[in-house]
Structures are given as structure tokens and as C-alpha cells.
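Residue numbers (our numbering): 1 to 441.
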């Protein structure tokens with residue numbers, strides 16, 4: 001009911017589905033943790049350091065739930081269940097691979113989960129109840145910041161496994177994604193009427209809006225191309241097409257976007273050695289089985305050996321999979337819990353995307369709707385690129401699997417995105433009739 005005041009007890013009842021799913025998630029991850037422990041050396045070898053990641057994870061779930069109730073947050077009650085289950089799978093995978101044998105305050109990765117959850121809660125509380133609208137006025141500063149970050153990493157970054165990183169292997173491209181989505185959402189709200197003006201179903205290239213978009217979007221893409229981050233270029237441009245279509249309602253933008261995508265793929269193959277190598281390896285990894293094709297062949301071998309049910313948690317051989325904790329973690333999942341386990345992981349991703357798009361569809365404010373859709377679309381395309389690459393449905397792009405792949409900066413910025421999405425999911429308070437005279441419709 002409009003104007004009804006909700007207390008902590010009401011919020012406790014409202015978030016009951018979340019609480020039940022959190023309980024089931026905690027139980028499933030704890031059982032998996034126990035199975036891996038037994039496989040790694042038995043209960044006798046289990047020590048306090050081994051227990052710390054699980055303890056941090058369980059305390060994090062409890063803290064998130066209680067804080068949302070304490071602040072009477074009435075946003076989506078199901079989205080976080082999928083997010084934290086996937087985070088649990090990621091934590092379990094890192095424990096299995098020996099990446100978290102000691103949780104010591106040494107680097108960002110060891111603290112990524114608790115810091116990410118804290119950041120998510122801060123973002124939820126800061127931008128809830130319609131306060132996300134303040135971001136619309138920051139569209140231009142966001143794109144300038146994104147360009148500055150990319151320029152900085154080109155100037156001072158270190159190349160590792162084909163990508164550029166700052167000291168400590170921090171990758172600012174994760175933050176760049178969020179900045180560009182905020183910019184794009186604000187830009188499309190500002191210029192959507194001009195972008196709706198098409199000729200023969202196609203956008204007018206002489207339109208001021210189109211020219212501004214080509215410049216402001218083309219510069220970041222050029223910098224990403226210089227970094228050889230083809231995966232992020234594909235992901236962001238797919239999001240661009242989705243958001244332009246949502247903002248204008250013109251199907252012609254989908255056609256134009258698809259054509260540009262085909263042209264980009266051809267150009268990447270024809271003019272960049274990096275892109276050509278990716279395509280050749282994808283089409284025929286046996287052409288260089290001990291070199292560039294080694295990654296995908298080992299991933300395929302692991303998936304095949306896992307079969308339907310997998311060889312069992314802790315019983316696989318991930319040491320033979322290159323970059324097992326990051327790019328190819330999905331192959332580790334496939335080997336140890338089989339296609340069935342992979343199906344469960346995919347089902348939780350689908351549930352996350354469904355809830356996210358549902359949130360976007362229910363937001364009345366244009367900027368909020370585009371921002372929510374942009375966040376969900378980024379997660380969707382990132383997941384498709386990673387799983388598609390591991391299963392050889394697509395070329396490998398070096399894209400990580402959200403919430404699961406190892407990487408502190410990636411996990412924290414993904415939690416930031418989820419925090420924004422959760423804040424957007426809470427209905428805005430009704431206008432004060434005493435001040436406005438009547439409620440807006």
C-alpha cells in the first residue's frame with residue numbers, strides 16, 4: 001500500500017525467501033568444502049587456515065542478510081541468492097586449486113570476498129530509494145575517467161599473459177565496464193529522441209547524437225584495441241547494441257550492430273596477429289597442439305573426462321589445465337562435477353540474468369532502466385564469452401567467469417555492479433502529497 005511504513009519485522013518476513021535460499025546455499029557449499037578437504041588429505045590434515053575461507057564466506061552471507069533487514073531494504077529478495085551461490089562455487093574452486101590455503105592480509109585477492117560484500121552493501125544503501133539518479137549527471141565524468149584509466153594502464157601497465165595490469169596484477173578494465181555503462185545509460189537518455197530519427201530504418205550518420213556517440217565510444221574502444229582486449233571490446237559493443245535498441249525501440253540498430261560485429265571479426269582476423277591466432281586456434285587447435293592450442297585442448301579433455309556426473313570433487317587433475325583458476329575454471333567444474341554440475345551453475349546464472357532483466361523491466365525511470373539492463377547484459381555476455389570459449393562454441397577471449405574465476409579486482413567490481421542492481425530493484429518512495437499536491441503518475 002502507498003505510504004505504508006515498513007519496520008524491521010516486516011522486512012524480516014519479506015526477505016524470508018532469501019533467508020531460506022541462503023541456508024540451502026551455505027549447506028551446499030559447506031558439504032562441498034568437506035568433500036574437497038577429505039580428498040586433499042583427510043580430516044586429520046584440516047587446520048584453521050583451511051577453514052578460514054569457508055568461515056569468511058558464511059559470515060559474509062549472514063552479515064549481508066542481517067544488514068539488509070536492519071536497514072529495512074525491500075529490493076529484490078532472490079537475486080543475491082544466485083550471486084552468493086556462484087561466489088561459493090568460486091571460493092570452493094579456489095580452495096580446491098590451493099589458491100586460498102592461507103587467508104592472509106597480503107593482497108587484494110585474499111580479501112576480495114569480504115571487501116566486495118562490504119562494497120556491495122555500501123552501494124545498495126547509498127543509491128537505494130531512487131538516489132541512483134545522481135549518477136545520470138556523472139555520465140561525462142565517467143567516460144573521461146574510463147579513458148584516463150585505460151590511458152594510464154597503457155603508459156604504466158605491465159603485460160602478463162597478453163593483457164595489461166597495474167602492479168599487483170590489478171586490472172582496471174573491470175572498473176572501466178561500469179564507468180562506460182553509466183556513461184552510455186546517461187547518454188542514451190539525453191539523446192534518445194535524435195537516435196530515434198532514422199532514414200530508411202538506418203541511423204542518420206550526420207545526426208549530432210550519432211557523431212557524439214561515435215567519438216565518445218570510439219576512443220575507449222580504440223584504447224582497448226591497443227591493449228588487445230578483444231573480449232572486452234566484443235562484450236561492451238554487444239551491450240551498446242542492446243541499450244540503443246532499448247532506448248530507441250528501433251530494430252534497425254540490432255541489424256546495424258550485427259553487421260558491425262561481423263565487420264569487426266573480419267578486421268580482427270585480417271589485421272591483428274592476436275585476433276588471427278585466436279580464430280585459427282579456435283577452428284583447429286590441433287594445428288598447434290603443444291602451443292597456442294594447448295589451453296583449449298586441455299580444457300576439452302577435462303570436460304570430456306568428467307562426463308555426466310564428474311570424477312568427484314577433489315579427484316580431478318586441474319594441474320594439467322592452463323590458467324585453471326581464472327579463464328578455464330569452468331573446465332575444472334566440468335571435470336569434477338560433470339555436465340550435471342555445469343548445468344546447475346548455468347541454471348544459477350540464468351536465474352541471475354532473469355531476475356536482473358525483470359528488475360530492469362520494472363523500473364519506470366529511463367536512466368535506471370538502461371543502467372540495470374546494461375549491468376545485467378554485461379554479466380550475461382561475459383558469461384557467454386567465457387563458457388563459450390571453454391566449450392569451444394566461441395574463440396577463447398581471456399574473459400573471466402563472473403563470481404567464480406580467481407581475481408580480486410574482478411570480484412570486487414562485479415559486487416559493485418550487483419550493489420547497483422540491488423539498489424535499482426527497490427521501489428522509489430511515493431511523492432509526498434502534502435508537498436506536491438498530488439502524486440505523480
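No residue lacks a Cβ here, since even glycine has one placed at the ideal position from N, Cα and C.
In this structure, the straight-line span from the alpha carbon of residue 52 to that of residue 206 is close to 59 Å. Following the DSSP letters along the chain, one finds residue 279 inside the alpha helix (DSSP H) bounded by residues 273-283. About 4 Å separates the CB atoms of residue 75 and residue 425; that is less than 8 Å, so the two are in contact.
Annotation for residue 386: the continuous alpha helix (DSSP H) segment containing it runs 366-390. Note on geometry: alpha-carbon atoms of residue 69 and residue 10 lie some 9 Å from one another. The beta carbon of residue 276 sits closer than 6 Å to the beta carbons of 269 from its chain, once the five residues preceding and following it are set aside; these are given in chain order. Of the residues 328, 299, 297, 334, the one whose Cα lies closest to the Cα of residue 310 is 334.
By the criterion of a C-beta distance shorter than 8 Å, residue 91 is surrounded in its chain by 29, 53, 54, 57, 100, 113, once the five residues flanking it on both sides are discounted. For residue 158, the three-state secondary structure derived from DSSP is strand. Within the same chain, no residue comes within 6 Å of residue 354 by CB-CB distance, once the 5 residues on both sides are set aside.
Of the candidates 392, 398, 50, 258, the residue whose Cα lies closest to the Cα of residue 299 is 392.
Using a Cβ distance threshold of 8 Å, residue 49 and residue 19 do not count as a contacting pair.
Straight-line measurement puts the Cα of residue 341 at about 33 Å from the Cα of residue 243. Looking at the DSSP output, residue 164 sits in a beta bridge with 159. Residue 247 is positioned such that its CB atom lies no closer than 8 Å to that of residue 204.
Shown here for residue 6: same chain residues with a beta carbon closer than 6 Å to its own, the five before and five after excluded, namely 72 in chain order. Straight-line spacing of the CA atoms in residue 183 and residue 27 works out to 40 Å. The alpha helix (DSSP H) runs of length 4 or more contained entirely in the region 288-368 are, from start to end of the chain, 294-306, 329-361.
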